[in-house]
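Undergrad: The following block contains the structure, expressed as structure tokens.
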Amino acid sequence: MATSERPEARGLGDRIYDIVFHNVLWQAIFRSGYPNTPRNQMLAIATNVFLHLHPTRIHRTHVKITHTFCLGGLSFFLFIGLTITGVLLMFYYVPSVERAYQDIQNIQTNVRFGFLMRNMHRWMAHGMVLMVLLHMMRVFYTGAYKPPREFNWIVGVVLLVLTLMLSFTGYLLPWDELSLWAITVGTNMVGSAPILGPPQQFVLIGGFEVGPAALVRFYTLHVIGFPLLAATFMTVHFWRIRRDGGLARPL
Amino acid sequence: MATDAATAASAAVRGRARRQREEELLVWPDLVFIEFISALVFTLMFTLLSIAINSPLQDRANPANTPNPSKAPWYFLNLQELLLHMNPALAGVIVPTVALIAIGAIPFYDNSNEGQGEWVSTPGGGRLVKLGAWVGSIGSLILILWDAAKHVQVYQMIFGAGSWPTSLNWFKSARDFQGWLDTSAYSPIPDGLRRIPLGDYLLRTDLLGLTEEPIDLTVNVPGLIVEQIIPVTLMVGLPILLSIVAWRIGWAKTRRDHMILQFSGFLAVYFTLTIIGTAFRGRGMELYWPWDNPPVIT
């Protein structure tokens, strides 16, 4: 077979690959090439602000689905999903007693894809409560709260409470019978606390019964107060997972 | 001294098992792929669910109109269920606060770092999970049914209506016991305990000008017993008893064992209360089967 001095002709695939991944814009954004070599795969994680939450390497057992069932990750995923659908709902919703119920009806019937946004927001909220509870059970039964992860367990308990509070404050916003009485029952529990109960209840709902002031308070807490607090604690939670040596595994 | 710290650190490093590269995977693509797929699957699932089922929207809120029953969101129905059986401050605030603090304190009690990273790591841990789950769910169910006087109904089904002996009226439910303590001639509470003893002489706040009116010195002893002392005794005593039994029969040996038992029991009680409160409480917060639950009155 005659050997040719000419270099081998490059196929169409190689040329497209070059155009997509070796152009000026790609390299300006991602610096490293397409992650198809171990070096680039590690750089893809380490140089990306969103992905560098992860270590570049993890132990083999950690990607086993039955080790975590992805529960913590899914809780975070639902939080993001709730933020996105929640922002879209905020475009149409005004937290006043006169308008709230009507706005929800509009979202459900008149706004294009409004029903989808509201339904997703609601089901994801229930899903997040469930997911966080299951995540807590997973962490408990795999002994992942043990030293050195004691503090992160506490942060997790705080996040559970914040998740419940996020869901609870959102419950009032549609201003229908279900929401009004659920919040009345719930805040009455706060009011029964010894010593500081009634004043706390007054501060929480801005009056002696759930009314316009309560709606504004719950809305503000729901869309900004608790999400910021939860995001802060999540930051600590994720940071501490890395600091405490990643996922727990047998010594 | 710096050298000491350095020696100590190097000793610790030398003691640590060498990281085995062949045991490790690259996060890209192995983990990122899983995350991507699960995010995709869940987005799809929630989209389909949201197309299939509309979230509830009832009539506009009317503060003048209290629906019967009025229920909190499902994840608080466990507390609302507790509220039916004991003092509101206890059920609504003290129990959840103490429970959360206790849960947060788990790693400070079970503070050995052995047995992490595997499911229910202690030998015999599995049967402790089952023991906790069975005792927690059956136990709370029995207490709920007793407080709803269901045993009286069973008795009367067997021996005919009205056959429950009046001498056992105090055993009908917690409220009946309270009423019996309060009014029965056989009540063990002496009349002297219905007011704070010597309170009239010792608690003379009216003299100090602290309050306009003298403090109310009557004590509802039956209420105190039934709404606070009995529930607290049960909620603290039964888990301790469970742990003692599990320890004596040799099932629970380490702190981790006890925590597995207690946490499983707690979860079982939590889920039982939530399910009862969500599906089995109807009009007037009475117990109903979900299929003949009367419609909510508004």
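Taken in order, these protein sequences are the chains called A and B.
So for the first sequence, this note's numbering puts the first residue at 1; every next one is plus one.
So for the second sequence, this note's numbering puts the first residue at 1; every next one is plus one.
Beta carbons: idealized from backbone N, C-alpha and C, even for Gly.
1) Is the Cβ of residue 120 of chain B closer than 7 angstroms to any Cβ of chain A?
2) Count the other CB atoms, across all protein chains shown, that sit within 10 Å of the CB of residue 259 of chain B; report buried if there are 16 or more and exposed otherwise.
3) Just the chain B side, please: which residues come within less than 8 angstroms of residue 226 of chain A by C-beta, in chain order?
4) Using the beta-carbon count (16 or more within 10 Å), is residue 2 of chain B buried or exposed?
5) Can you tell me the Cα-Cα spacing of residue 145 of chain B and residue 79 of chain B, whole angstroms?
6) Using Cβ-Cβ distances below 8 angstroms, what residues of the region 46-68 of chain B are close to chain A?
7) Looking only at C-alpha atoms, which of B:112, B:54 and B:128 sits nearest to residue 264 of chain B?
8) If we call anything under 7 angstroms between Cβ atoms a contact, is residue 143 of chain A one with residue 262 of chain B?
9) For residue 148 of chain A, which option in B:147, B:113 and B:156 has the closest C-alpha, if you only look at C-alpha atoms?
10) Please confirm if the region 267-277 of chain B is in contact with the region 130-139 of chain B, defined as three or more CB-CB distances below 8 angstroms between the two stretches.
11) In this structure, does DSSP put residue 24 of chain B in helix, strand or coil?
12) Taking just the CA atoms, how far does residue 109 of chain B sit from residue 255 of chain A?
13) Checking 7 angstroms against the spacing of the C-beta atoms, do residue 124 of chain A and residue 78 of chain A come in under that value?
14) Would residue 286 of chain B pass as an interface residue toward chain E - the criterion being a Cβ-Cβ separation below 7 angstroms?
15) Hey, which unbroken runs of the beta strand (DSSP E) at 3 residues or more fall wholly within the region 115-171 of chain A?
16) Tell me the residue span of the alpha helix (DSSP H) that contains residue 237 of chain A.
17) Who are the near neighbours of residue 97 of chain A in its chain, counting only those whose CB is closer than 8 angstroms to its CB and skipping five residues on each side?
18) Buried or exposed, going by whether 16 or more other CB atoms sit within 10 Å of the CB of residue 64 of chain A?
19) What's the C-alpha gap between residue 182 of chain B and residue 229 of chain A?
20) Measure from the alpha carbon of residue 27 of chain B to the alpha carbon of each residue in A:54, A:159 and A:151, then state which is nearest.
21) Considering only the beta carbon of each residue, do residue 172 of chain A and residue 208 of chain A sit closer than 7 angstroms?
22) Which word fits residue 33 of chain B, buried or exposed, when buried means at least 16 other C-beta atoms lie within 10 angstroms of its C-beta?
23) At 7 angstroms on the CB atoms, spell out the chain A contacts of residue 279 of chain B, in chain order.
24) What are the residues that DSSP puts in a beta bridge with residue 218 of chain B?
25) Taking Cβ positions only, does residue 186 of chain A come closer than 7 angstroms to chain B?
26) My guess is that residue 239 of chain A and residue 104 of chain B are in contact by the Cβ rule of under 8 angstroms, so how many angstroms apart are they, rounded?
27) Evaluate residue 50 of chain A with the Cβ neighbour count: other Cβ atoms within 10 Å of its Cβ, from every protein chain shown; 16 or more gives buried, anything less gives exposed.
28) Under 7 angstroms between the Cβ atoms of residue 227 of chain B and residue 68 of chain B?
29) As a quick exercise: from B:98, B:279 and B:169, pick the residue whose alpha carbon is nearest that of residue 235 of chain B.
30) Report the rounded CA-to-CA distance for residue 141 of chain A versus residue 246 of chain B, giving the unit in angstroms.
31) Considering only DSSP beta bridges, list what residue 58 of chain A is partnered with.
32) Grouping DSSP H, G and I as helix and E and B as strand, with all else coil, what is residue 189 of chain B?
33) Determine, using beta carbons only, whether residue 101 of chain A comes closer than 7 angstroms to chain B.
34) Short check: CB of residue 60 of chain A to CB of residue 25 of chain B, under 7 angstroms?
35) Looking at C-alpha atoms only, which residue of A:192, A:178, A:233 and A:225 is the closest neighbour of residue 297 of chain B?
36) Considering only the alpha carbon of each residue, which of B:222, B:290 and B:277 lies closest to residue 77 of chain B?
TA: In short, the structure shows the following:
1) Walking along the second sequence from the start, residue 120 of chain B turns up at place 120. Yes, because at least one Cβ of chain A sits closer than 7 angstroms to the Cβ of residue 120 of chain B.
2) For this step, residue 259 of chain B is matched to residue 259 along the second sequence. Result: buried.
3) Counting from 1 along the first sequence, the entry for residue 226 of chain A is found at position 226. Residues of chain B passing the Cβ test: none, with the nearest at roughly 15 angstroms.
4) In the second sequence, the residue the question calls residue 2 of chain B occupies position 2. In this prediction, residue 2 of chain B scores a pLDDT of 47, lower than 50, which makes its location untrustworthy; the coordinate-derived value is nonetheless stated afterwards. With fewer than 16 other Cβ atoms within 10 Å, it is exposed.
5) By 1-based counting over the second sequence, the position of residue 145 of chain B is 145. By 1-based counting over the second sequence, the position of residue 79 of chain B is 79. Residue 145 of chain B and residue 79 of chain B: Cα-Cα distance of roughly 17 angstroms.
6) 46, 47, 49, 50, 51, 53, 54, 55, 56, 57, 58, 59, 60, 61, 62, 63, 65, 66 and 67
7) To locate residue 264 of chain B, count along the second sequence from 1; it is residue 264. Comparing Cα-Cα distances from residue 264 of chain B to each of B:112, B:54 and B:128, the minimum goes to B:128.
8) Taking the first residue of the first sequence as position 1, residue 143 of chain A is located at position 143. Taking the first residue of the second sequence as position 1, residue 262 of chain B is located at position 262. No, Cβ-Cβ distance for residue 143 of chain A and residue 262 of chain B is not below 7 angstroms.
9) Numbered from 1 along the first sequence, position 148 holds the residue referred to as residue 148 of chain A. For the residues B:147, B:113 and B:156, the minimum Cα distance to residue 148 of chain A belongs to B:113.
10) yes
11) As a working mapping, residue 24 of chain B is identified with position 24 in the second sequence. Strand at residue 24 of chain B.
12) Nothing in the structure corresponds to residue 255 of chain A, since chain A is present only between 1 and 251.
13) As a first step, residue 124 of chain A is located in the first sequence; it is residue number 124 there, counting from the start. As a first step, residue 78 of chain A is located in the first sequence; it is residue number 78 there, counting from the start. It is a contact, given that the beta carbons lie within the stated cut-off.
14) The structure shown contains no chain E; its protein chains are A and B.
15) none
16) One-based indexing of the first sequence puts residue 237 of chain A at position 237. Counting along the chain, the alpha helix (DSSP H) containing residue 237 of chain A begins and ends at 226-243.
17) By one-based count along the first sequence, residue 97 of chain A stands at place 97. Within the same chain, residue 97 of chain A has close Cβ partners 175, 211, 212 and 215.
18) Your numbering for residue 64 of chain A matches position 64 in the first sequence. Burial call: exposed.
19) Translated into the one-based positions of the second sequence, residue 182 of chain B becomes position 182. Translated into the one-based positions of the first sequence, residue 229 of chain A becomes position 229. Between residue 182 of chain B and residue 229 of chain A, the C-alpha separation is close to 48 angstroms.
20) By one-based count along the second sequence, residue 27 of chain B stands at place 27. Checked all of A:54, A:159 and A:151; the closest Cα to residue 27 of chain B is A:54.
21) Mapped onto the first sequence, residue 172 of chain A falls at position 172. Mapped onto the first sequence, residue 208 of chain A falls at position 208. No, Cβ-Cβ distance for residue 172 of chain A and residue 208 of chain A is not below 7 angstroms.
22) For the purposes of this step, residue 33 of chain B is taken as the residue at position 33 of the second sequence. Exposed, since its Cβ has fewer than 16 Cβ neighbours within 10 Å.
23) Position 279 of the second sequence, counted from the first residue, corresponds to residue 279 of chain B. What residue 279 of chain B touches in chain A: nothing, since even the nearest Cβ is about 15 angstroms away.
24) Here residue 218 of chain B refers to the residue found at position 218 when the second sequence is read from its first residue. DSSP lists B:195 as partners of residue 218 of chain B.
25) The residue labelled residue 186 of chain A in the question sits at position 186 within the first sequence. Taking Cβ atoms only, chain B reaches closer than 7 angstroms to residue 186 of chain A, which makes this a yes.
26) Counting from 1 along the first sequence, the entry for residue 239 of chain A is found at position 239. Counting from 1 along the second sequence, the entry for residue 104 of chain B is found at position 104. 19 angstroms between Cβ atoms; not a contact.
27) The residue given as residue 50 of chain A occupies position 50 in the first sequence. Exposed, by the Cβ-count rule.
28) Counting from 1 along the second sequence, the entry for residue 227 of chain B is found at position 227. Counting from 1 along the second sequence, the entry for residue 68 of chain B is found at position 68. The answer is no: Cβ separation not under 7 angstroms.
29) Indexing the second sequence from 1 puts residue 235 of chain B at position 235. With distances taken between Cα atoms, residue 235 of chain B lies closest to B:98.
30) Here residue 141 of chain A is taken as the residue at index 141 of the first sequence, counted from 1. Here residue 246 of chain B is taken as the residue at index 246 of the second sequence, counted from 1. Straight-line Cα distance between these residues: approximately 18 angstroms.
31) Here residue 58 of chain A is taken as the residue at index 58 of the first sequence, counted from 1. DSSP, once it has assigned bridges, lists B:25 as partnering residue 58 of chain A.
32) Numbered from its first residue, the second sequence carries residue 189 of chain B at position 189. The answer is coil: DSSP assigns residue 189 of chain B none of H, G, I, E or B.
33) For the purposes of this step, residue 101 of chain A is identified with residue 101 of the first sequence, where counting begins at 1. Yes, residue 101 of chain A lies at the interface with chain B (some Cβ there is under 7 angstroms from its Cβ).
34) Numbered from 1 along the first sequence, position 60 holds the residue referred to as residue 60 of chain A. Numbered from 1 along the second sequence, position 25 holds the residue referred to as residue 25 of chain B. Yes, the Cβ-Cβ distance between residue 60 of chain A and residue 25 of chain B is below 7 angstroms.
35) Here the question's residue 297 of chain B lines up with position 297 in the second sequence. Ranking the options by Cα distance to residue 297 of chain B, first place goes to A:178.
36) By one-based count along the second sequence, residue 77 of chain B stands at place 77. Selected option, being the one with the closest Cα: B:277.
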